[in-house]
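Taken in order, the sequence shown gives residues 1 to 392; the numbers are from the numbering used here.
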Amino acid sequence: TKGVITLDPGYKNTGSCESAITFLDGEKGILRYRGYSIEELAEKADFLEVAYLLIFGELPTQEQLDKFHADIKSHSVVDDDIKKILDAFPKSAHPMGVLASLTSALTAFNPTSVNVDSEEEMYNAIVRILGKFPILVAWTMRKKHGMPLDYGSSSLGYVENILQMMFKNPTSDYEQNPILINALDKLLILHADHEQNCSTSTVRITGSSHAGLFVSLAAGISALWGPLHGGANQAVLEMLEAIKEDGGDTKKYMAKAKDKNDPFRLMGFGHRVYKNFDPRAKIIKVAANEVLSDLGVEDPILDIARGLEKEALEDPYFVDRKLYPNVDFYSGIIYRAMGIPVEMFTVMFALGRLPGWIAQWREMRLRKEPIGRPRQLYTGETYRPFKSIEKR
Ligand code: SDX
Numbered sequence: 001t002k003g004v005i006t007l008d009p010g011y012k013n014t015g016s017c018e019s020a021i022t023f024l025d026g027e028k029g030i031l032r033y034r035g036y037s038i039e040e041l042a043e044k045a046d047f048l049e050v051a052y053l054l055i056f057g058e059l060p061t062q063e064q065l066d067k068f069h070a071d072i073k074s075h076s077v078v079d080d081d082i083k084k085i086l087d088a089f090p091k092s093a094h095p096m097g098v099l100a101s102l103t104s105a106l107t108a109f110n111p112t113s114v115n116v117d118s119e120e121e122m123y124n125a126i127v128r129i130l131g132k133f134p135i136l137v138a139w140t141m142r143k144k145h146g147m148p149l150d151y152g153s154s155s156l157g158y159v160e161n162i163l164q165m166m167f168k169n170p171t172s173d174y175e176q177n178p179i180l181i182n183a184l185d186k187l188l189i190l191h192a193d194h195e196q197n198c199s200t201s202t203v204r205i206t207g208s209s210h211a212g213l214f215v216s217l218a219a220g221i222s223a224l225w226g227p228l229h230g231g232a233n234q235a236v237l238e239m240l241e242a243i244k245e246d247g248g249d250t251k252k253y254m255a256k257a258k259d260k261n262d263p264f265r266l267m268g269f270g271h272r273v274y275k276n277f278d279p280r281a282k283i284i285k286v287a288a289n290e291v292l293s294d295l296g297v298e299d300p301i302l303d304i305a306r307g308l309e310k311e312a313l314e315d316p317y318f319v320d321r322k323l324y325p326n327v328d329f330y331s332g333i334i335y336r337a338m339g340i341p342v343e344m345f346t347v348m349f350a351l352g353r354l355p356g357w358i359a360q361w362r363e364m365r366l367r368k369e370p371i372g373r374p375r376q377l378y379t380g381e382t383y384r385p386f387k388s389i390e391k392r
């Protein structure tokens, strides 16, 4: 009958609801990776340390971290034929679509199946993708802007080399700015994992059929692309730009966001789980201030963002619905200050989320979880006999 959910007695919960990786409390605005607070990790660790923590469960010793980085570097190269696939895309292609395709394409040049009972095979697959993914990210951006593809330098740190690969100009050396390195490192840490969000659930359920790690990640990239999810950071900047072009009239956009007949939403606000400030947004807001002042950049967009936030936090519509700024509200302001084009913002989110996706895929496979198979609440027609076309 309609509206009644009946679960078979043997029904196994395959909704991947158990995990030991990330804890978040939406009411209190708490986020911890393997028990460590996001505030401490953002302040005291670097991105590769946090990646190691998320994936293997413990903060690495210096020796473990050095080996991890060296092993990643040994895989920081892609088959040259990847460039032919990249060439096939028009410059108008959205970088998230390119990145998802290239990540899938890696399976053509690397081992696809991973024997999860072999620690070595699992480890090799992990360092392989951590080495290759930043190259795909950088090349996706450079291709779109007609820049030659660059591998950066193996003498640089992980995050430094990401910036080098993205921005190295053939006519001049890229100047490694500690402010930008620190800001990117912090942003990547803050995006690294977030429990069972839309894209992570996609990675887990795709991997639960024993599809390979790379194609499971490609599925996660596709899910992250949506403007309600990771695509929000691009949508936030486009919204702030539109408000600026419109004379900075934040009240007009607040009214649009509250108008049920208007599909406009205040991008970067609200969250399925946080009904308090997203702890990441608090950290990013401070970092945005620091980066812009350290760089001596006056960005009117930041003033508009602050004004919008202040209004929303005082507006009953937002207060009643517990709509607070989320991780995407301020991150784009920092990316923009770093010279990253707005269409690359969600790609940067994927770069940060990579260790979390890997950790969640690894956990699901090591636990030998059954194939994901969510059930449904059937609300369609009850049985009815076939009707011949003459009688329809
Ligand atoms: C991320 O899950 C994760 O952890 C995601 C993420 C991660 O790290 O992986 O944190 C990253 O995706 C952050 C969210 C980025 N998305 C945006 O900023 C897009 C704008 N936000 C919304 O679309 C929305 O808030 C969601 C999608 C984030 C959450 O939507 P919900 O929980 O399904 O809330 P809802 O759509 O049921 O809305 C509840 C009410 C509705 O009003 P009423 O029907 O009760 O009158 O709040 C309103 C909504 O209309 N509302 C908004 C709003 N978000 C919700 N109104 C205006 N502007 C908004 N942004």
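Think of the CB as a built atom: it goes at the ideal place given N, C-alpha and C, for glycine as much as any other residue.
Shown here, P374 sits in coil according to DSSP, grouped into three states, outside any helix or strand.
Buried is the label assigned to N326, since at least 16 other Cβ atoms lie within 10 Å of its Cβ.
Within the same chain, and ignoring the five residues on either side of L187 in sequence, the residues whose Cβ sits closer than 8 Å to its Cβ are I284, A287, S331, I334, Y335, M348 and G352. At a cut-off of 4 residues, the continuous stretches assigned as alpha helix (DSSP H) that sit fully inside the segment 178 to 218 are 178 to 190 and 198 to 207. Beyond the five residues adjoining it in sequence on each side, G152 comes within less than 6 Å, by CB distance, of N161, Q164 and M165 in the same chain, given in chain order. Close CB contacts of Y52 within its chain, under the 6 Å cut and outside five residues either way in sequence, are with P60 and F68 (chain order). Going by beta carbons, G26 and Y317 fall outside the 7 Å limit. Shortest Cα-Cα distance from V98 to any of L31, A218 and Y174 involves A218. Out of Y174, E175 and T103, the CA that lies nearest to the CA of F133 is found in T103.
Beta bridge pairing from DSSP links D25 with I30.
Cβ neighbours of V78 within its own chain (closer than 6 Å, five residues either side excluded): K132 and I135.
In the three-state reduction of the DSSP assignment, Y324 falls in the coil class. The C-alpha of K387 is placed about 57 Å away from the C-alpha of P341.
Taking all protein chains shown into account, Y383 has fewer than 16 neighbouring C-beta atoms within 10 Å of its C-beta and is therefore exposed. In this structure, the straight-line span from the alpha carbon of E195 to that of N182 is close to 25 Å. In chain order, Y253, L266, M267 and G268 place their CB closer than 8 Å to the CB of M239, counting only its own chain and leaving out the 5 sequence neighbours on each side. Within a 10 Å sphere around the beta-carbon of Y378 sit fewer than 16 other beta-carbons, which makes this residue exposed.
DSSP, read as helix, strand or coil, puts N169 in strand. Separation of the CB atoms of F277 and G29 is rounded to 5 Å, and the pair is thereby assigned contact status at 8 Å. For L354, the CB contacts under 6 Å within the same chain, skipping 5 residues up- and downstream, are F133 in chain order.
Here V137 is not near R365, since their CB atoms are 7 Å or more apart. Take L156, set aside five residues on each side of it, and the residues of its chain with a beta-carbon closer than 7 Å to its own are Q164, in chain order. Contact between A20 and L224 does not hold, since their C-beta atoms are separated by about 23 Å, which reaches or exceeds 8 Å.
Around the C-beta of F109, fewer than 16 other C-beta atoms lie within 10 Å, and the residue is accordingly described as exposed. Assignment of S92 by DSSP, reduced to helix, strand and coil, places it in the coil class. Taking the Cβ of L102 as the reference point, every heavy atom of the ligand SDX lies at 6 Å or farther away. The DSSP-derived three-state label of F386 is coil. Under the three-state reduction of DSSP, Y174 is assigned to coil, being neither helix nor strand. Under the DSSP assignment, L86 falls in the alpha helix (DSSP H) whose first and last residues are I82 to D87. In this chain, the alpha helix (DSSP H) harbouring F349 covers F345 to L366.
Here D150 has M165 and K168 as same chain residues with Cβ atoms under 6 Å from its own Cβ, once five neighbours each way along the sequence are excluded. One thing to note: L308 has its Cβ within 7 Å of the Cβ of T250.
If you ignore the 5 residues before and after S209, its C-beta comes within less than 6 Å of the C-beta of I371, all in its own chain and listed in chain order.
Distance from A192 to L54 at the Cβ level is roughly 6 Å; contact confirmed, criterion being Cβ atoms closer than 8 Å. The shortest CA-to-CA distance from V203 to any of D315, A100 and Q62 is the one to A100.
Taking a 10 Å sphere around the C-beta of E363, we find 16 or more other C-beta atoms and assign the residue as buried.
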